[in-house]
Amino acid sequence: MKLSKLLPVFILFLFLGQNSFSQGVIRDYFRSPVKPGGRNYLSGNFSELRPNHFHTGLDYKFGGVEGEPIYAAADGWVHRIKISTYGYGNVIYLKHPTGHITLYGHLRNFNPKLHQYMIERMYEAQVNELELYPTPGELSFKKGERIADGGNTGSSGGPHLHFEIRDSLDRAMDPLLFGFPEILDNIAPTPQKLALVPLQIDSRINGKFERMEFTPTASGGVYKIPQTIQITGKVGIEVQGFDQLDGASNRNGFPYFEIRENDSLLFQLTVDKVDFNFTRQFLLHTHQNRFSKLYYQPNLKFEYLRPHQAGIGHLELEPGKRKIYELRLIDALGNTQKIQFSLQGKDQEFVVADGATPSKAQVDYIGNILKIKAPVSKLGGLAKFYVGTRTFEMLPAYQDANSRTYLWDMQFGIPEEIDLCSEVISTPLKAAIPAGEEKLFAQRDVQIKFDKNTLLDDLYLRIQESGTGSAARLQINDPSEYLWNSMEVLWNTSPGNLNKSRTHVYQVNSRGSKSFVGGTWEDGAIRFKTRNFGTFMLAEDIKAPSITPVRVNSTEIRFSIRDDLSGIQSFEAKVDGKWVLMRYEHKQALIWSEKLDKHPFRGPVILRVTDMAGNVAEWKGTIA
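Residues in the sequence shown are numbered consecutively from 67, following our numbering.
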């Protein structure tokens with residue numbers, strides 16, 4: 067396209083992009099992408115905590131049916147477009163004169179103009195997936211113009227539209243703030259749990275060093291924690307809850323929190339924008355991706371706490387001092403629910419009722435604190451911590467008639483052994499790895515490389531090895547802990563009698579299910595990258611994928627393809643020696659052809675499918 071035709075677009079963009087509102091919310095600028103002027107329902111919203119990520123948009127419900135018309139929310143041009151098997155699936159990004167970007171994900175198909183544009187370029191490149199960034203103004207749309215049909219492509223759990231609004235810096239914003247009257251919400255958030263967590267080694271909650279959860283009960287239009295909670299030292303608040311919109315049973319998120327004392331605002335947390343460079347930072351913002359943390363964390367990249375300064379949300383009271391607090395949970399449309407609770411300062415006590423007594427020492431990790439609870443021994447209560455060449459003797463932090471609890475700050479070193487008089491224990495703790503630094507940890511059988519952006523927070527590395535050969539297991543920390551980016555692991559292990567060329571690393575969950583990780587063999591070790599902590603094992607995949615023809619004729623070729631272990635990596639189809647574009651829906655294990663033209667298929671057909679382990683399956687046939 068000639069520059070003269072693009073010039074007005076660029077001038078408009080540059081002019082408006084200089085205005086402050088281009089970075090913020092513009093009410094009623096965008097039109098609903100689904101049923102504009104009608105009633106819409108959501109299955110998901112902005113600020114929702116998902117199993118491994120923060121949800122950055124709205125999920126429009128289609129009643130379980132694909133094909134819902136999808137419309138451009140405002141005048142704009144295609145900034146980015148992609149056909150993919152996973153993630154957002156078939157997705158369109160529109161750029162608008164304000165600088166905002168709208169995203170339309172999990173589409174069944176694009177409108178004819180966009181469809182033909184993508185198909186032609188996929189045939190040119192001979193690829194089954196493709197992402198493009200068209201020239202600004204090359205593919206323009208008017209507000210309300212149909213751009214696609216809603217579907218279930220990518221990593222979706224059912225037919226819906228994932229819709230986002232991003233600012234000119236590609237940061238996700240809450241679309242509900244822009245004003246979509248088709249979506250009704252008159253329901254305040256519902257609290258489920260309130261948790262208090264110790265923030266220092268001398269912190270206590272009801273006399274103990276442990277994270278405690280409390281269930282609020284509805285009382286007179288608010289929720290309350292019935293009992294006064296006693297605290298010592300600095301503690302933080304975490305909350306679990308959900309929001310619901312009118313006419314939908316789905317449990318959604320909410321973006322605003324306030325902590326008040328005597329109706330005076332102490333601090334607030336506002337989730338207003340999400341930088342996609344830091345989306346996994348939300349895993350640090352949560353406890354096991356279920357509770358939102360309402361206190362300052364030095365390694366958290368988001369600055370949602372206001373005021374944003376060290377120590378905000380670190381609550382502390384003098385002994386005997388009692389205060390009543392109010393936590394307000396607020397959704398995007400201002401519906402508010404209150405939780406009232408009282409805290410009372412308390413001196414540390416040595417004798418604390420500590421519940422059931424373990425039969426042997428139990429080890430726990432809370433932040434940088436190692437906690438050991440052991441049964442009382444007649445041999446004495448003095449514990450010895452062996453750290454390198456040094457020995458530290460320590461009395462229990464607290465105890466009752468049957469158990470004693472020791473606390474050790476791992477910033478002073480990692481103990482190799484701990485003598486509790488009644489037993490000597492060792493921990494799987496191997497090293498302290500600071501966040502934001504490059505580190506290489508090495509021991510006899512395991513090396514782990516951490517880059518500057520691997521860790522979300524300072525890590526106390528725990529490694530356990532068990533078994534040999536095909537039964538070998540490597541556990542690195544716990545799946546409930548999270549990484550920001552991948553770590554690289556070199557595991558010195560033997561595949562035993564397994565075929566090395568088809569043997570790779572898999573992560574195994576508590577139910578025994580395996581997920582492919584990969585890796586390459588280097589003599590007697592395998593090197594792999596992973597973005598998850600957990601348990602890893604070797605597994606051999608020597609079985610090729612299965613191919614089942616569903617339809618093979620002059621109009622279409624369609625197959626079911628499956629792999630029982632490592633998973634499908636790639637596929638390629640040719641008819642009469644010519645490459646054919648194949649679309650893939652992994653949830654249904656189906657692939658099907660997309661023609662470039664209307665010419666019928668004729669001649670020999672060959673489909674080749676490769677799994678992640680390198681096994682190849684072929685299907686051959688002929689269309690007469």
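Ideal Cβ positions, reconstructed from N, Cα and C, are used throughout, including at glycine.
As the structure is a computational prediction, the values presented were derived from the model and not from experiment.
Taking a C-beta distance under 7 Å as the contact criterion, tryptophan 658 and arginine 624 qualify as a contact pair. Scanning its chain for C-beta atoms nearer than 6 Å, with the 5 sequence neighbours on each side dropped, one finds around tyrosine 199 the residues Arg146, in chain order. Apart from sequence neighbours up to five positions away, the residues of its chain that approach proline 615 with a beta-carbon distance below 6 Å are Phe625, ordered along the chain. In the three-state reduction of the DSSP assignment, methionine 678 falls in the coil class. Within the same chain, Gly535, Ser536 come within 6 Å of glycine 562 by CB-CB distance, once the 5 residues on both sides are set aside. Counting the other CB atoms within 10 Å of its CB gives glutamine 477 a total below 16, which places it among the exposed residues. The Cβ-Cβ distance between histidine 228 and glycine 104 does not fall below 7 Å.
The C-alpha of histidine 351 is placed about 13 Å away from the C-alpha of proline 117. Under DSSP, alanine 537 shares a beta bridge with no residue. Valine 442 has no beta-bridge partner at all, per DSSP.
Boundaries of the beta strand (DSSP E) around tyrosine 137: 135-137. Counting only runs that start and end inside the stretch 609-670, the beta strand (DSSP E) elements of at least 3 residues fall at 612-618, 623-628, 634-641, 644-651, 656-660. Restricting attention to Ser221, Leu549, Thr151, the CA atom closest to the CA of lysine 595 is found in Leu549. Counting the other CB atoms within 10 Å of its CB gives phenylalanine 128 a total of 16 or more, which places it among the buried residues. Counting other Cβ atoms within 10 Å of its Cβ, serine 492 stays below 16 and is therefore classed as exposed. For glutamate 190, the enclosing alpha helix (DSSP H) covers residues 178-191. Bridge pairing for glycine 110: Asp125 [DSSP].
In the structure shown, the three-state DSSP call for serine 330 is strand. Counting along the chain, histidine 351 sits inside no beta strand (DSSP E), nor does DSSP assign it H or E at all.
In this structure, glycine 155 and leucine 173 form a Cβ contact; the two beta carbons are roughly 7 Å apart against a cut-off of 8 Å. Secondary structure note for methionine 603: its beta strand (DSSP E) is the uninterrupted segment 600-606. Arginine 346 sits in a helix when the DSSP states are folded into three classes.
For phenylalanine 96, there is no enclosing beta strand (DSSP E), since its DSSP letter is neither H nor E.
Each residue's CA atom was taken as its position, placing glutamine 465 and isoleucine 390 some 30 Å apart. Residue state for lysine 148 is assigned as strand, using DSSP reduced to three classes. With a threshold of 16 other beta carbon atoms within 10 Å, tyrosine 152 falls short and is exposed.
By the CB criterion at 7 Å, glycine 245 and aspartate 94 fall inside the cutoff. In this structure, asparagine 252 lies away from aspartate 215, with their beta-carbon atoms at least 7 Å apart.
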